[in-house]
Amino acid sequence: MKAGKANDRGPTADNRMFIEAVLWIARTGSPWRDLPKGFGKWNSVFQRYRRWSKAGRFTRIFEEISGEADMEYAMIDGSIVKVHRHGQGAKGGP
């Protein structure tokens, strides 16, 4: 996804801020009218959201980021912790 044009207030404006606004709505469950002013005019953000939804842009983004995980950098914690000798299990029984 392109970063957007810095000086454009139209449909190619800051994509990062737009995505943050959509995530804020999804996270809070608030109506669009309650979108904080720092994200821009709520109606402009909503109209852009509708355009992207109808065009399938979110579907393509989610498909791209939810692809198969790159396991090259996966880490496994191999810590070994010794147990106190009295904590190895109860002896005896009935």
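Read left to right, the sequence shown gives residues 1 to 94 (UniProt numbering).
Cβ atoms here follow ideal geometry from the backbone N, Cα and C, with glycine treated the same way.
Inset, instruction - Following the continuous alpha helix (DSSP H) through Tyr49, name the residue where it begins and the one where it ends. - result: Translated into positions along the sequence shown, residue 49 becomes position 49. For Tyr49, the enclosing alpha helix (DSSP H) covers residues 42-55.
Legend entry - Simplified DSSP state of Gly38, which is helix, strand or coil: To locate residue 38, count along the sequence shown from 1; it is residue 38. Residue state, collapsed to three classes: helix.
Legend entry - Contact the stretch 42-51 vs the stretch 13-26: 3+ CB pairs below 8 Å: yes
Legend entry - Straight-line gap, Gly67 to Arg60 (C-alpha atoms, nearest Å): By one-based count along the sequence shown, residue 67 stands at place 67. By one-based count along the sequence shown, residue 60 stands at place 60. Spanning the alpha carbons of Gly67 and Arg60 requires a straight line of approximately 11 Å.
Legend entry - Buried or exposed by the 16-neighbour rule on C-beta atoms within 10 Å, applied to Ile25: Here residue 25 refers to the residue found at position 25 when the sequence shown is read from its first residue. Ile25 is buried by the Cβ-count criterion.
Legend entry - Ala74 (DSSP reduced to helix, strand or coil): The residue you call residue 74 lines up with position 74 of the sequence shown. Looking at Ala74 - three-state DSSP - the assignment turns out to be coil, as it is neither helix nor strand.
Legend entry - CB of Met17 within 8 Å of CB of Gly40, strictly: For the purposes of this step, residue 17 is taken as the residue at position 17 of the sequence shown. For the purposes of this step, residue 40 is taken as the residue at position 40 of the sequence shown. It is a contact, given that the beta carbons lie within the stated cut-off.
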